[in-house]
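Remarks on the structure that follows.
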Amino acid sequence: MTFSFSKFAFPTAISKLLLVAIPFAIAASALPPTQAQNTSLTIRADVQEANSITGVVTATGNVRMTYPARQIDAVAAQAQYFSKEQKVVLTGDVTVTQEGVNSIKAETITYLVTEGKFVASPANNQQVETIYVVPDRDLATTPATSATSVEQIKPAFKKQRVSPPTTINSDSSQKPSN
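Mapped onto mature numbering (1 follows the signal peptide of the UniProt record, and there is no 0), the consecutive letters of the sequence shown carry residue numbers -27 to -1, 1 to 151.
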């Protein structure tokens, strides 16, 4: 039994939607209100379809997913939530951002909810792009500036060692003394 809903829902669609929504509502009602809001994985889209038999929800058009508990935001052309497998498959020019700075871009990204893991696949002849901001503890305490000398920026193993100048005596009559 598959149904669709958009801005205009029909009474039969609403009753069928309740079959899918009630388990989520019961799980969320056991939590305090603020915790329920933070642990909710929310998918918004122009159109969504839910299949109560398979437990698959398909969202299409301007898809936005938010998961505050893990600081995840995503945009895609389509999303499918597989409730039995606890996974979300995002397709079509997908961008996932975590913690507001780290991001991954691909044609398809699968998010395994229980594992907190992303699996990304590129479009043909393309690559997946990941930007991960890595904090540099040394940089945070002593940032390099234009006034910082090159020797201070170079790691210790790259410092040049200069030998003292040597004098070569061209006079062969002098012999070294022992």
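Ideal Cβ placement from N, Cα and C applies to all residues, glycine included.
Taking residue i as the reference, give the member of the options with the closest Cα.
| i | options | result |
| --- | --- | --- |
| Arg37 | Gly65, Asn98, Phe91 | Gly65 |
| Ala96 | Tyr40, Asp109, Thr81 | Thr81 |
| Lys78 | Ala50, Val107, Val29, Ala32 | Ala50 |
| Asn35 | Gln100, Ser25, Ile16 | Ile16 |
| Asp19 | Thr12, Gln99, Val106, Thr31 | Thr31 |
| Gln71 | Thr87, Pro41, Gln100 | Pro41 |
| Val101 | Val107, Val67, Pro108 | Val67 |
| Leu14 | Thr33, Asp109, Thr87 | Thr87 |
For a test of the three-state rule: what should DSSP assign to residue i, helix, strand or coil?
| i | result |
| --- | --- |
| Leu63 | strand |
| Thr27 | coil |
| Thr33 | strand |
| Thr87 | coil |
Exposed or buried, residue i, counting other C-beta atoms within 10 Å across all chains shown (16 or more means buried)?
| i | result |
| --- | --- |
| Arg43 | exposed |
| Ala47 | buried |
| Ala23 | buried |
| Ala52 | buried |
| Thr27 | exposed |
| Gly89 | exposed |
| Gln99 | exposed |
Under 8 Å, do residue i and residue j count as touching if we go by C-beta distance?
| i | j | result |
| --- | --- | --- |
| Leu85 | Lys60 | yes |
| Val69 | Phe91 | yes |
| Ser76 | Ile104 | yes |
| Val62 | Thr83 | yes |
| Val74 | Val107 | no |
Please report the residue range of the beta strand (DSSP E) in which residue i lies.
| i | result |
| --- | --- |
| Gln99 | Here Gln99 belongs to no beta strand (DSSP E), and DSSP marks it neither H nor E. |
| Gln72 | Inspection of the sequence shows that residue 72 is occupied by Glu rather than by Gln. Premise fails: Glu72 is in no beta strand (DSSP E) and is neither H nor E. |
| Arg43 | First-last for Arg43: undefined, no H or E at that position. |
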